[in-house]
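Protein chains in written order, with the numbering used here: chain A, 1 to 328; chain B, 329 to 651; chain C, 652 to 958; chain D, 959 to 1267. Every residue gets a Cβ at the ideal spot worked out from N, C-alpha and C, and that includes glycine. Note that the structure is a prediction, hence the values are computed from the model and not measured.
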């Protein structure tokens, strides 16, 4: 069994929808509806999907920014929800860090870079000012910035440089897992490559595990060891990244890949015709019955709108939730 | 080959601010034919959006000014038009789609009203029944389901993809000669974007409109553009057919840019990345704008700006290395 | 929409109780009501007697209950000074105040809207600087001073307008203008800045792309959105209006509630002052409710969301 | 969720503010003149007399502001033919020296404003941050009170207190402060809501920073700009409010000189002794205008986004 760092089991997160004078709850937005996944030590798992898929909500649960509706999170085999407040503070929080999407709002504009990077150390450790100062300098070098830049303010840096500072802050407490919420989608193409290379190097250097949230499949293929394709709060296909990208099984995965593929019109061969989905993303307040994708699916059969598809194991580490007969 | 609808010759647009003159567009030339989609691609602050706004003469007052060049639409230099004449052109001869569907529509008026407005403005139809038919046909052109009902909806009752279609209906309602699309799909999800681009090609087939497509996403360029210009710091570095840009680019910047886009069809270990940062538009380097970051830089590159050389039919490059 | 009104109504009632509590506590804490009710001649027993029938010997919650029931019944006690039920005095004074407040409110709103929009659309032009100058002047010059100077110029030296008192149309000119001038600058700045924000928005850029005339863009597209923001602060401006009314009525000895409340204070006529404060509170909350409803009407998003 | 690379294009676009030279000089003037006037007034207020260091009769004011001398009644300013340099700005109907009363009036007006600003800004900021950050019941309750007090004229509260406590310096300060915190609470709450949604606050929570430290280290430093701006704009408003209260007789009680009750003294003598009301009126206008200009300049300098203040 590979060395599992973190496992999410049947995670559910519902947001109440209230109405009326007394704010009575009349329905639930099932943002994350029973998803399970594992993150191995030193490896990257990506949650991929479009708006409303529940990727960011899932990340928030892992970062304990919100309370799960149901389900369990195991960190190194121990159930996180059973941790005491003290255990959380020493065992979990310092070892799980995050890098946010927008470089312009992920840093306090009133703080110098030195204090931004040092804050995790100041809050969680009793290190002296001198120890923290040298650690900050070391972190800046790790992410390719000069230590003397520690005294500047965030607005004096470009988007790419700010993401480097955010990564330095995430590494401050030597975490085991870093949650990367769309780490490069706000950056220009040329800068994006620099940051993705940096993240990969750091993973090798510090044996870091990444949980990447992204919607750009090409970025995901470069970064990930395993991938989970999400649609409307559920995982529809899960497995080893190369396996999934070489043989996409779920019609949604194929449509998503076709929409992200960089193919010139004249290179489109007969069978690789682009798949264009019809209709719009249904509202998460009342998702379609049975398989949630059946309303837009190119392969939809009548069973799809009745029963919820179970997990069909294909390769050794590749399963898909779909009624397609070709999978049996 | 259909005839040229719009020709931009040596366009210069600058912003005059307290900090000095920002040369946002510094000598840009290209043309677009009827029924053709011409791509303007480049990273942030390369001047592609300013080029679009210059064509429509909608630069932010008082700082933005067109300081040089010509914009010829059907043989007429629209820079010489009076304010009133230019206003008559906007919406009827040239139209534009903006990036964020969430903010492009007026929140307090129904979708139908906003389309009817440009129909009444340009086609001078006063009879409300005829106007409504035009509105419905515009909605149908962009394949919006149940147009008869949807036209009474307010923008906030629609999804991002649907709103962008409404913006499309507004801009196409008077059948313009040229449509400028400024990153219309950037704010949309991948599958919705694919849907929108397919719709765009269909609309072009039906109306034969010339489209200038502004984007930073090479996937979109490959999907929809026939010819492409790569822009960097206010200048066009290379113009060619889309397949040439992807398969045989000549300018070092284009090569590097294509190379640094992560590919879905293969697994790379490391991505090629261009070092350094784009130059500030306030104090641009004297020679070639890309010189400070160019892997094949030569001395001459730092002193003089390279001329635009047409190395083959329809493929021109501005680089000293390319003869 | 109906549900939205019900929610707002309930909030208003809650707010009213809040204000009643505030006034109740304020009065009890800051002095002894019995002493306030006693006139110079009353002896110790009289004061004790007042305390009993005021129920001050009872517990605070009980006193509050009596206070609230009195208010609801409309019995706010008798004016010490005029020996008449307070509600009667207010009854005569309120219409006069309204005759002053309503026209100046309309004048201020129309003026603010016009000048605000013109100021925003001709930025840094002659008009815009003029508008800014009026705004700064209006907020700097104290209202009562402006009123006195106006009286001095128009009534005393030019003698074209009466110095004070109620009467024909000419009596209204000066008070209404000076009171309007209280609120005009604040509202004008709000309309101007809200208009500037709206003009920067994408949908206005799209309206220009449609080739609409600048006039149409401003008065049809921009104005309706720009009015929403100032509306949210209309309540605050209404408070300034009432403050102004009290001053203007004093300067022009206009027989409205402002006038009698000032007299009430000088005569330490406690029940009269307390009654007027409560009545104004009800009035203010009513205006807030009306503002919110117009707010919902103009912005369809609120109208649809609430039902 | 979507790629917004072009977002950085909009932020990277140059600041478009093509102010002409004339406009730029004007802008600098709107800073210099107000600062000069305000510092002058503050200087005068402090050194009106040196009683606060035990030398009551030494100071800027030529006469004791309250001393009456009936023979010198209603003297016009010195440039008038029967005015005299003894009383530069003339005397009021009780023969008191207008200039001295103006100087002491400055001290009273400024101290009222300063005290009220300190109280209301502190209360408003604390409630604004707590309400904005904690949300839920506290925020709803807080917002109800803010809305009521914003729409409630402070003058009436002052009257109520004047009746029950009798007009005095403390009554005025209490009356204005009782409701004066509302504009701060409303603004600071709005800013806190905006900041709370930003990633760096979520980031602070991820590393386990306590809510108190977040409010202190992350929220508060980012609301200082709007706070300073609203404080400077309040200076003018408060001086007018105090003057209005004194004018109506519910503010600073005579004989103490306050610009408000000085204007009131000369109210009925406008045609014969115009100077009694005019000079305090000008003084108020000058200070308030300086406060507003300085506030506007500060707002453009610190945070143009807050134009609607």
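Does the beta-carbon of residue i have 16 or more other beta-carbons within 10 angstroms, so that it is buried, or is it exposed?
| i | result |
| --- | --- |
| residue 984/D | exposed |
| residue 1080/D | exposed |
| residue 1067/D | buried |
| residue 672/C | exposed |
| residue 756/C | buried |
| residue 807/C | exposed |
| residue 810/C | exposed |
| residue 1142/D | buried |
| residue 1014/D | exposed |
| residue 134/A | exposed |
| residue 1237/D | buried |
| residue 959/D | With a pLDDT of 30 at residue 959/D, under the threshold of 50, the modelled position of that residue is not reliable, and the figure given next carries that caveat. Answer is buried; the Cβ neighbour count reaches 16. |
| residue 233/A | buried |
| residue 632/B | exposed |
Could you check the C-alpha separation between residue i and residue j for me, to the nearest Å?
| i | j | result |
| --- | --- | --- |
| residue 669/C | residue 1004/D | 41 Å |
| residue 305/A | residue 293/A | 9 Å |
| residue 322/A | residue 236/A | 8 Å |
| residue 351/B | residue 559/B | 14 Å |
| residue 1160/D | residue 65/A | 8 Å |
| residue 967/D | residue 619/B | Here the model assigns residue 967/D a pLDDT of 35, short of 50, so the residue's position is not dependable and the matter cannot be decided. |
| residue 413/B | residue 405/B | 12 Å |
| residue 568/B | residue 622/B | 20 Å |
| residue 948/C | residue 848/C | 21 Å |
| residue 497/B | residue 477/B | 15 Å |
| residue 1094/D | residue 1181/D | 21 Å |
| residue 1112/D | residue 887/C | 11 Å |
| residue 571/B | residue 586/B | 12 Å |
| residue 1148/D | residue 1105/D | 13 Å |
| residue 43/A | residue 209/A | 5 Å |
| residue 928/C | residue 111/A | 48 Å |
| residue 455/B | residue 855/C | 26 Å |
| residue 420/B | residue 798/C | 55 Å |
| residue 417/B | residue 508/B | 13 Å |
Between residue i and chain E, is there a C-beta pair that is closer than 7 Å?
| i | result |
| --- | --- |
| residue 519/B | Chain labels in this structure do not include chain E; the protein chains are A, B, C and D. |
Locate the alpha helix (DSSP H) running through residue i, then write down its first and last residues.
| i | result |
| --- | --- |
| residue 1227/D | Unbroken run through residue 1227/D: none, as it is neither H nor E. |
| residue 475/B | 475-478 |
| residue 563/B | No alpha helix (DSSP H) contains residue 563/B, which is instead part of the beta strand (DSSP E) from 563-569. |
| residue 418/B | That residue, residue 418/B, is in no alpha helix (DSSP H); it is neither H nor E in DSSP. |
| residue 740/C | 737-772 |
| residue 1003/D | 979-1004 |
Our contact map puts residue i next to residue j with C-beta atoms below 8 Å; I'd like the distance itself, whole angstroms only.
| i | j | result |
| --- | --- | --- |
| residue 826/C | residue 751/C | 6 Å |
| residue 142/A | residue 202/A | 7 Å |
| residue 879/C | residue 950/C | 5 Å |
| residue 56/A | residue 213/A | 6 Å |
| residue 790/C | residue 1246/D | 7 Å |
How would you write the range of the beta strand (DSSP E) that residue i sits in, first residue to last?
| i | result |
| --- | --- |
| residue 337/B | 332-345 |
| residue 227/A | 226-231 |
| residue 329/A | With chain A covering 1 to 328 only, the question about residue 329/A has no answer from this structure. |
Exercise for the section: Identify each residue in the segment 198-218 of chain A for which the Cβ-Cβ distance to at least one residue of chain B is less than 7 Å, and report them in chain order. Expected result: 215, 217, 218
Exercise for the section: May I ask you to list, following chain order, the residues of the segment 67-93 of chain A that have a beta carbon less than 7 Å from some beta carbon of chain B? Expected result: none
Practice task
Residues of the segment 504-530 of chain B with a CB closer than 8 Å to any CB of chain A: list them in chain order, please.
Solution key: 517, 518, 519, 520, 521, 522, 523, 526
Exercise for the section: Scan the segment 341-366 of chain B for residues whose Cβ lies nearer than 7 Å to a Cβ of chain A and list them as they occur along the chain. Expected result: none
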